[in-house]
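For reference, the structure is listed below as structure tokens.
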Amino acid sequence: MANDTQRFQAIIAHCKEYGFIFPSSEIYDGLSAVYDYGQWGSELKKNIKDYWWKSMTQLHENIVGIDAAIFMHPTVWKASGHVDNFSDPMIDNLDSKKRYRVDHLIEAKAEELESAGDAAASKTLLDKMDELLAANDYEALRELIIANNIKCTVSGTSKWTSVRQFNLMFSTQLGSVTDEASEIYLRPETAQGIFVNFLNVQKSGRMKIPFGIAQIGKAFRNEIVARQFIFRMREFEQMEMQFFVRPGTQKEWYEKWKETRMNWHLSLGIPKEDYQFKPHVKLAFYADAACDIEYKFPIGFKEVEGIHSRTDYDLKQHQEFSRKKMQYFDSETNQNYIPYVIETSIGLDRMFLLIVSHAYTEEDLSTAEKPDSRVVLRFPAKLAPLKLAIFPLTKKDGLPELARELMNECMPAFRCFYEEKDAIGKRYRRQDAIGTPFCVTIDHQTKEDGTVTIRHRDTMKQERVAMGDIKAMVQKEIS
Ligand code: ATP
């Protein structure tokens, strides 16, 4: 693969061709930055979800999960600060009328400088941008764009408007009366569903601090520059956990969760050097520490997860706006207080893209006799959409019946796939392309001695084993 852009394009095409991701409403030419997960994509996504859910709830005695509604009382978003502050600085090009996020526009220029070999100029530009964003100095940001001769990719000109803030929340009407009172928002993050249920969960679950509440669910943001496939979408899914701690202990919990979350990523067998922590230069108004976990996507190192020390901001705001006490009585210290919060927030779709980017491999298998190649998705076996493919060598001689026997044994335990068409080699390659870790072939010898051939996706090695051992073998690898 010649470069990362081509690799990224190849991944997008592969996802479509093999039933992972389709553009939304494609027969109507699609809907910008909205995607549908296909037959294997939805399985992979569910496996990522389950892996996160299990490691965050089942493996932590003091973390429980909830599933809050997407619609929430509109005051929630006033209290949380989203109505006033959930916006990005934008700039429009006067000739093309195209709108850009200021940081994205400048980052693209910095990447251009870096590729041209001027890493120092790239760094100076990014440092200046960070400084101006932190100071909310929009006039100087515009000047920086002009001084660096940054042009619109559509019109090719640098005729820019002033920099303005643009709110990212989608709103809609609840009920049939179109007055202002019935205007509600599609949630832009799942976190607030946890905060407003903090006391419900704490009291009904008799939870003692420190404890956490986890949630997986859809979030919606009217992203202006929504591109880069499923990296930035307008409808996406988050996997969030809010961990409630005693005031004054947040620093130590923040460090602990940074480590725990990074270990979760590494537990999937993805190399350490493909990850980095990036501390936030400009802290959100509610945070006293924050960083991103970045992954080396084909489009560069980018955020996949955020870890934020959110102080007591959210609960305090909800206490003020709802006039309901959000306090916790700590029987160890005999004190009432509003807990501090550490948040871990990971995008499910970005994690999906991470897993596919890591797994996607093009292999040249040519020999002196003939050219050959394959595309293989090297998914961690526990996340693979299909775990086992079962192939009778031929459609006759009782082989399909034996294969069906194995299917019936394994199907209740994990996702299997049955196929009897085409040459075995072709069937293997199709499974490689969707990342199935194991294929089993039933042949005439199976009838004689009850053994089958199991073929391993990554090494392509084949071994002869007893058919009765297959289920346990696969289960061991995916557990
Ligand atoms: P970015 O800077 O990329 O816009 P963010 O800092 O606004 O992201 P958070 O509000 O911290 O993101 O959301 C937590 C996680 O949700 C992110 O780490 C990311 O994985 C995911 N996420 C946020 N926005 C989107 C989006 N538009 N599409 C897909 N995933 C998203």
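Numbering (this note's numbering), first residue to last: 1320 to 1798. Glycine is no exception: its CB is placed at the ideal position from the N, C-alpha and C atoms. Since the model is a prediction, treat every value here as computed from it, not as a measurement.
Assumed close pair Ser-1441, Ala-1429 - CB separation to whole angstroms, cut-off 8 Å:
Looking up residue 1441 in the sequence shown gives position 122. Looking up residue 1429 in the sequence shown gives position 110. Yes, they are in contact, since the Cβ atoms of Ser-1441 and Ala-1429 sit about 4 Å apart, within 8 Å.
Which value, in whole angstroms, describes the spacing of the CA atoms of Ala-1732 and Gln-1794?
In the sequence shown, residue 1732 corresponds to position 413, counting from 1. In the sequence shown, residue 1794 corresponds to position 475, counting from 1. C-alpha separation (whole angstroms): 8 Å.
Identify whether Met-1581 lies in helix, strand or coil by the three-state DSSP scheme.
On the sequence shown, residue 1581 is found 262 positions in, with the first residue counted as 1. Correct three-state label for Met-1581: helix.
Could you check where the alpha helix (DSSP H) with Pro-1731 kicks off and where it finishes?
Working through the sequence shown from its first residue, we reach residue 1731 at position 412. Element bounds for Pro-1731: n/a, residue is neither H nor E.
So for Ser-1586, helix, strand or coil by DSSP?
As a position in the sequence shown, residue 1586 is number 267, starting the count at 1. Looking at Ser-1586 - three-state DSSP - the assignment turns out to be coil, as it is neither helix nor strand.
Run of the beta strand (DSSP E) containing Gly-1512, from where it starts to where it stops
Start at 1 with the first residue of the sequence shown, and residue 1512 comes out as number 193. Not the beta strand (DSSP E): Gly-1512 falls in the alpha helix (DSSP H), residues 1510-1514.
Going by the DSSP bridge assignment, what does Lys-1537 pair with across the sheet?
Locating residue 1537 in the sequence shown gives position 218, where the first residue counts as 1. For Lys-1537, which the question treats as bridged, DSSP gives the partners Glu-1556.
Within the continuous beta strand (DSSP E) that includes Leu-1696, where are the two ends?
Position 377 of the sequence shown, counting from 1, holds the residue named residue 1696. Unbroken beta strand (DSSP E) run through Leu-1696: 1692-1696.
Tell me which residues share the same chain as Leu-1432 and place their Cβ nearer than 8 Å to its Cβ, disregarding the 5 neighbours each side in the sequence.
Looking up residue 1432 in the sequence shown gives position 113. Excluding the 5 residues flanking it on each side, Leu-1432 has same chain C-beta neighbours closer than 8 Å at Ala-1438, Ala-1440, Ser-1441, Leu-1444, in chain order.
May I have the straight-line CA-CA distance separating Tyr-1594 from Cys-1735, to the nearest angstrom?
Along the sequence shown, one-based indexing puts residue 1594 at 275. Along the sequence shown, one-based indexing puts residue 1735 at 416. If you draw a straight line from the Cα of Tyr-1594 to the Cα of Cys-1735, it is about 32 Å long.
Of the residues Phe-1327, Trp-1371, Ile-1410, which one's Cα is nearest the Cα of Arg-1580?
Position 261 of the sequence shown, counted from the start, is the residue given in the question as residue 1580. Nearest option by C-alpha distance: Trp-1371.
Taking contact to mean at least 3 C-beta pairs separated by less than 8 Å, is the segment 1467-1479 in contact with the segment 1384-1398?
no
C-alpha distance - Gln-1750 paired with Phe-1550, whole-angstrom precision:
For this step, residue 1750 is matched to residue 431 along the sequence shown. For this step, residue 1550 is matched to residue 231 along the sequence shown. Approximately 26 Å, taken between the alpha carbons.
Beta strand (DSSP E) runs contained entirely in the segment 1722-1795, provided each spans 3 or more residues
1735-1737, 1757-1761, 1770-1775, 1781-1785
Beta-carbon proximity of Tyr-1614 to Leu-1673, cut-off 8 Å
Locating residue 1614 in the sequence shown gives position 295, counting from the first residue. Locating residue 1673 in the sequence shown gives position 354, counting from the first residue. Yes, Cβ-Cβ distance for Tyr-1614 and Leu-1673 is below 8 Å.
Between which two residues does the alpha helix (DSSP H) harbouring Ser-1434 extend?
Here residue 1434 refers to the residue found at position 115 when the sequence shown is read from its first residue. Element bounds for Ser-1434: 1421-1434.
Excluding the 5 residues flanking Lys-1478 on each side, which residues of the same chain have their C-beta closer than 6 Å to its C-beta?
The sequence position of residue 1478 within the sequence shown is 159, counting from 1. Leu-1413, Asp-1414.
When you compare the CB of Arg-1669 with every CB in chain C, is at least one pair closer than 8 Å?
You won't find chain C in this structure, because it holds only one protein chain.
Count the other CB atoms within 10 Å of the CB of Ile-1761; is the residue buried (16 or more) or exposed (fewer)?
The count along the sequence shown starts at 1 and reaches residue 1761 at position 442. Counting Cβ neighbours within 10 Å, Ile-1761 comes out buried, since at least 16 surround it.
Quick one: any contact between the segment 1682-1690 and the segment 1738-1747, if contact means 3 or more CB pairs under 8 Å?
no
Compute every distance between the C-beta of Ile-1665 and the non-hydrogen atoms of the ligand ATP, then say whether any falls below 7 Å.
Sequence index remark: in the sequence shown, residue 1665 carries index 346 (1-based). Yes, the beta carbon of Ile-1665 sits closer than 7 Å to at least one heavy atom of the ligand ATP.
Are there 16 or more other CB atoms within 10 angstroms of the CB of Glu-1776, so buried, or fewer, so exposed?
On the sequence shown, residue 1776 is found 457 positions in, with the first residue counted as 1. With the sequence shown as reference, residue 1776 is identified as Arg, and Glu is not the correct amino acid for it. When all chains shown are included, Arg-1776 counts as buried.
Taking 7 Å as the cut-off, is the beta-carbon of Gly-1625 closer than that to any non-hydrogen atom of the ligand ATP?
In the sequence shown, the residue the question calls residue 1625 occupies position 306. Taking 7 Å as the cut-off, one finds at least one heavy atom of the ligand ATP near enough to the beta carbon of Gly-1625.
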